[in-house]
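Peer 1:
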Amino acid sequence: MIRKLISSIAPLDAAAMEQCQTRLDNLAKPLGSLHALEHLALKMAGITGRPRPENLKKAILLTVDGDAADSFAPETTAVIFARHAGAEIIPVPVTAATKICPESETGTGLPPDLMRALQAGIQAAQRQTEAGIEVLGLGEAGTSSREAAQIIVNAYAESETYPNPWELLRRTQSRPIAALTGVILAGAAGRTAVVLDGTVTLAAARLAAAIAPLCREYLVGSHFTTENQQRQVLQQLDMPAYLHLDLPAGGGRGSALGMRLIKASLHVLNDMKTFGEAEVAVAQDGPGALKQRQDIR
Numbered sequence: 000m001i002r003k004l005i006s007s008i009a010p011l012d013a014a015a016m017e018q019c020q021t022r023l024d025n026l027a028k029p030l031g032s033l034h035a036l037e038h039l040a041l042k043m044a045g046i047t048g049r050p051r052p053e054n055l056k057k058a059i060l061l062t063v064d065g066d067a068a069d070s071f072a073p074e075t076t077a078v079i080f081a082r083h084a085g086a087e088i089i090p091v092p093v094t095a096a097t098k099i100c101p102e103s104e105t106g107t108g109l110p111p112d113l114m115r116a117l118q119a120g121i122q123a124a125q126r127q128t129e130a131g132i133e134v135l136g137l138g139e140a141g142t143s144s145r146e147a148a149q150i151i152v153n154a155y156a157e158s159e160t161y162p163n164p165w166e167l168l169r170r171t172q173s174r175p176i177a178a179l180t181g182v183i184l185a186g187a188a189g190r191t192a193v194v195l196d197g198t199v200t201l202a203a204a205r206l207a208a209a210i211a212p213l214c215r216e217y218l219v220g221s222h223f224t225t226e227n228q229q230r231q232v233l234q235q236l237d238m239p240a241y242l243h244l245d246l247p248a249g250g251g252r253g254s255a256l257g258m259r260l261i262k263a264s265l266h267v268l269n270d271m272k273t274f275g276e277a278e279v280a281v282a283q284d285g286p287g288a289l290k291q292r293q294d295i296r
């Protein structure tokens, strides 16, 4: 199951990205002037395989462990952020896997509790992608995995080529990070954008990218938090983030903000007019003169 999942992760759709880039270059504005919004629109074209994606369905998967799994109630602010992004918060109990692969079939070396959590994340993400979700936000209820995330951050700070990400996950003993890693792998396999939040989700992304490097292309970093470790992992992943906020991450709040950025980027792509649509002259000199055309509509 896990080997097959990893092998099914495909590169982004280059043809859709090329068509999207052509439109972005020909919008009635200076070439490249919207920077982050153009970057996100291009990424979403590659993920969805559509040159002009719009109205993407979104959900935030929030891992819950221990007592929280029995009486889950997300923080009010997280619910407000999610609603503002047009996303539902869906709890993922880390022990909720309905089918467990034997260790002999996975080659991960994970103990049963971490394997169950990994597969709980995989199955939760697969349910969402099968339901048509194209943007998955991540979050963790509580702060139980902060120390485990630090183990991952430190390991990759010391060595960019940590020999075995499964062994590193085993060392953390963190079921939420295992579940988040599963969500990321399955989200990428299902051609879904995965929007990250704080240090814990980024630590899971660091592991997932080591396990399946292609899944990195499906990751979206939304904001810089007040946590130094979160910035470290963004640097390790060579991943941009777009907002600088004096805001501690957690509970899916950061991923909800990232979803709003994606929505803004698609507003630019679909609702701004090209030079041809606006019937205005293209650039006569500079880099725009080489790319902008009146016939792009």
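Heads up: the sequence shown begins at 0 in numbering that gives the first Met the number 0, then just goes up one per residue.
Just so it is clear, CB atoms sit at the ideal spot from N, CA and C, and this is done for glycine as well.
1) Among all the DSSP beta bridges, which residues are the ones paired with A58?
2) If you reduce the DSSP assignment to three classes, tell me which class P164 lands in.
3) Excluding the 5 residues preceding and the 5 following D112 in the sequence, name in chain order all residues of the same chain whose CB lies nearer than 7 Å to its CB.
4) If you draw a straight line from the alpha carbon of A156 to that of H222, how long is it in whole angstroms?
5) Tell me which same chain residues have a C-beta within less than 7 Å of the C-beta of G85, skipping the five on either side of it?
6) Nearest-angstrom Cα distance between A68 and A119?
7) Between the segment 166–173 and the segment 184–193, are three or more C-beta pairs nearer than 8 Å?
8) So R145 and T107 are supposed to be a Cβ contact under 8 Å. How far apart are they, rounded?
9) Can you say whether V182 is buried or exposed, counting buried as having 16 or more other CB atoms within 10 angstroms of its CB?
10) Can you check whether the CB of I89 is closer than 9 Å to the CB of L117?
11) Determine the DSSP secondary structure at V78, reduced to helix, strand or coil.
12) If you check the beta carbons only, do H38 and P212 fall under 9 Å apart?
13) Within 10 Å of its beta-carbon, does S32 have 16 or more other beta-carbons around it, so buried, or fewer, so exposed?
14) In this structure, what does DSSP give as the bridge partners for L322?
15) May I ask you to report which of helix, strand or coil DSSP gives L242?
16) Just reading off the alpha helix (DSSP H) that H266 is part of, what are its end residues?
17) Since L41 and L23 are thought to touch, with beta carbons under 8 Å apart, how far apart are those beta carbons, to the nearest angstrom?
18) Between Q235 and R205, how many whole angstroms is the CB-CB distance? I'm expecting something under 8 Å.
19) How would you write the range of the alpha helix (DSSP H) that D237 sits in, first residue to last?
20) Are G45 and A13 closer than 9 Å when you measure CB to CB?
21) Just checking my contact of V63 with V91 at CB under 8 Å: how many whole Å lie between their CB atoms?
22) Please classify P92: does DSSP put it in a helix, a strand, or coil?
23) So, at 7 Å on beta carbons, what are the nonlocal neighbours of D245 in its own chain, with the 5 sequence-adjacent residues on each side left out?
24) Just to check my reading of the structure: A27 and K272 have Cβ atoms closer than 8 Å, yes? What is that Cβ distance to the nearest angstrom?
25) For the alpha helix (DSSP H) containing R292, list its first residue and its last residue.
26) Helix, strand or coil for T180 per DSSP?
27) If L137 sits next to T200, beta carbons under 8 Å apart, how far is it from one beta carbon to the other, in whole angstroms?
28) For S158 and R230, what's the separation of their Cα atoms in angstroms?
Peer 2: A quick look at the data gives this:
1) E87 and L135
2) helix
3) R174
4) 21 Å
5) K57
6) Bear in mind that a pLDDT of 48 at A68, under 50, signals an unreliable position, so the number given afterwards is only what the model happens to contain. Approximately 13 Å between the Cα atoms of the pair.
7) no
8) Rounded, the Cβ-Cβ distance is 23 Å, inconsistent with contact.
9) buried
10) no
11) helix
12) no
13) exposed
14) No statement about residue 322 is possible, as the shown extent of the chain runs from 0 to 296 and does not include it.
15) strand
16) R252 to D270
17) 7 Å
18) 6 Å
19) Counting along the chain, D237 falls outside any alpha helix (DSSP H), and DSSP gives it neither H nor E.
20) yes
21) 7 Å
22) strand
23) T225
24) 6 Å
25) Note, R292: premise wrong, no alpha helix (DSSP H); not H, not E.
26) helix
27) 4 Å
28) 17 Å
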